[in-house]
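Residue numbers (my numbering): 929 to 1061.
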Amino acid sequence: MSSATINDMGPVHDPSAHEAEVLSTHLVKHAAIHALHQKHKESKVHHFTDAHLNDHISAWKVIKVAEEKVAYGVNYFAKVQIGADKSIHIRVHHNKAPEAQAVWDFYSLHETVKHNEATCIWSLDEPLTYFNA
């Protein structure tokens, strides 16, 4: 099993056009933003509202990507800009099925503690790292 210190995550790089496209599909984008808003609906730091939901979806831009090849496909780790200085780190699984049957599933958000509160919001300067959540 992988961990933050022992894993097969490749180098972080700018996304290819294909990576940016598949990591921005409606299903991935909406699943990630809805998970973010569920985690932050009572946040004292971020105060997300329904208006923020649409702003975050509109601002969605994949800016960094890394891959981890696993027995059952590929895990993609992505840094996604969702605002002026806000990003989220997402994990998406791509199964090994032939491309016509391939599925890109949102798996999780990278969560940390800042200001004594759990958060999934990262600055644009914070690096994308492996997470297993």
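Each residue gets a CB set at the ideal place from its N, CA and C atoms; glycine is no exception.
Checklist entry - In chain order, what residues of the same chain lie with their CB nearer than 7 Å to the CB of D1013, ignoring the 5 residues before and after it? => result Indexing the sequence shown from 1 puts residue 1013 at position 85. The residues are S1051 and L1052.
Item to check | For I985, three-class secondary structure by DSSP | outcome: Position 57 of the sequence shown holds residue 985. Helix.
Next on the checklist: Looking at the secondary structure, which residues open and close the beta strand (DSSP E) in which A1046 lies?
Outcome noted: Here the question's residue 1046 lines up with position 118 in the sequence shown. Unbroken beta strand (DSSP E) run through A1046: E1045 to T1047.
Checklist entry - Using the rule of at least 16 other Cβ atoms within 10 Å of the residue's Cβ for burial, across every protein chain shown, is T1047 buried or exposed? => result The sequence position of residue 1047 within the sequence shown is 119, counting from 1. The residue is buried, with at least 16 neighbouring Cβ atoms inside 10 Å.
Checklist entry - Among K1024, R1019 and L1056, which one has its Cα closest to the Cα of P952? => result For this step, residue 952 is matched to residue 24 along the sequence shown. Sequence check: residue 952 is Ser here, not Pro. That would be R1019, whose Cα lies nearest to the Cα of S952.
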